[in-house]
């Protein structure tokens with residue numbers, strides 16, 4: 001509910017006692033639900049079987065996984081920050097489902113879209129999605145046309161190249177690390193999970209919607225495409241004979257770099273290793289042979305980022 005003791009503002013909204021702006025809402029009596037916010041397409045919904053909510057229904061069901069052939073392919077944003085990043089991305093939302101509290105928090109962002117905000121109680125939301133949603137808001141968007149390799153390479157100096165990263169949480173973490181540490185794009189080789197699956201998007205904090213990515217068609221042959229575009233391909237390996245990441249990255253400071261990481265366990269395929277320009281390792285201690293793929297990638301991204309002008 002919107003707090004009491006609100007006063008008018010010059011913009012037609014309201015202020016609290018501290019002078020903070022609040023969304024412009026229609027007058028309502030004590031205990032009434034907020035149903036209208038100026039400039040936002042608010043649609044109150046009380047029936048969890050309402051077909052308008054089908055984009056958000058039973059999200060844990062296997063046939064809703066967008067990386068499976070039977071999935072509907074919608075991209076789901078979960079939580080305020082992820083919804084905000086969806087609105088700032090090339091993914092155009094077609095609907096939102098959320099509580100009154102999240103509506104007031106997102107009001108300014110929602111004024112940038114005509115997509116309906118289906119306003120529901122937490123109980124109705126839980127019945128629709130199939131579980132209790134702590135984050136209180138969801139956004140749904142269709143998938144746009146996939147970007148091509150030339151598109152994501154255009155203007156890039158540092159890219160991540162992934163092979164066999166098939167865990168959605170690891171993949172989401174890689175995107176979050178890439179965004180935070182200045183990686184310009186992600187390129188997918190064989191065996192990678194879908195970056196637009198709900199869990200991957202959530203773990204990435206929405207950065208899977210913002211960091212450009214593309215899929216290769218011929219792997220690992222398309223590593224040659226990276227070279228043709230001026231990239232040095234740096235492969236991460238646990239091999240103790242390889243030079244260290246910290247010693248090698250400074251030698252590539254003036255180059256465009258593609259940081260190649262593989263799945264935990266098997267690592268990079270030997271053909272992929274042979275197609276790389278440089279192999280590097282992260283020194284390990286106490287009998288540990290390797291790190292989580294997202295952690296290892298983050299260390300490589302950091303070593304690259306600290307050399308940036």
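Residue numbers (the numbering used here): 1 to 309.
Ideal placement from N, C-alpha and C gives every residue a C-beta, glycine not left out.
Taking 9 angstroms as the threshold (C-beta atoms), are residue 202 and residue 82 in contact? yes
Since residue 195 and residue 271 are thought to touch, with beta carbons under 8 angstroms apart, how far apart are those beta carbons, to the nearest angstrom? That belief does not hold up - the Cβ atoms of residue 195 and residue 271 are roughly 24 angstroms apart, past 8 angstroms.
Starting from the C-beta of residue 4, find all residues in its chain whose C-beta is less than 8 angstroms away, skip the five residues before and the five after it, and write them out in chain order. Note that residue 4 has pLDDT 34, beneath the 50 cutoff, so the model's placement of it is unreliable and the number below is only indicative. Excluding residues within five positions, none has a Cβ falling inside 8 angstroms.
For residue 158, the residue or residues it bridges with in DSSP: 257
Taking 8 angstroms as the threshold, find out whether the region 106-118 comes into contact with the region 166-179 through three or more Cβ pairs. no
DSSP state of residue 116, grouped into three classes? coil
Residue 163 versus residue 223: straight-line alpha-carbon distance, rounded: 12 angstroms
Please report how far the alpha carbon of residue 60 lies from the alpha carbon of residue 234, in whole angstroms. 37 angstroms
Residues bridged to residue 136 by DSSP? None, per the DSSP bridge assignment.
Would DSSP call residue 77 helix, strand or coil? strand
So, at 6 angstroms on beta carbons, what are the nonlocal neighbours of residue 275 in its own chain, with the 5 sequence-adjacent residues on each side left out? 220 and 223
CB of residue 50 within 9 angstroms of CB of residue 94, strictly: no
Taking the continuous beta strand (DSSP E) assigned at residue 213, which residues delimit it? 213-215
Whole-number beta carbon distance between residue 178 and residue 211, since they are thought to touch under 8 angstroms: 5 angstroms
DSSP beta-bridge partners of residue 232: 257
Going by beta carbon distance, what residues of the same chain come within less than 7 angstroms of residue 255, once the five residues before and after it are set aside? 232
Suppose you measure from the CA of residue 244 to the CA of residue 305; what does that come to, to the nearest Å? 16 angstroms
Under three-state DSSP, which class holds residue 187? strand
Distance between beta carbons of residue 39 and residue 111, contact taken as under 8 angstroms: 4 angstroms
Assess, as a yes-or-no matter, whether the region 259-266 is touched by the region 292-302 under the definition of 3 or more beta carbon pairs within less than 8 angstroms. yes
Residues in the same chain with beta-carbon distance under 6 angstroms from residue 279, minus the five sequence neighbours each way, listed in chain order, please. 235, 237 and 242
From 145, 127, 106 and 148, pick the residue whose C-alpha is nearest to that of residue 139; which is it? 106
Report the rounded CA-to-CA distance for residue 239 versus residue 283, giving the unit in angstroms. 10 angstroms
Would you report the Cα separation of residue 152 and residue 135, rounded to the nearest angstrom? 32 angstroms
Member of 181, 288 and 85 whose CA lies at the smallest distance from the CA of residue 308: 181
Mapping DSSP to helix, strand and coil, what is residue 172? helix
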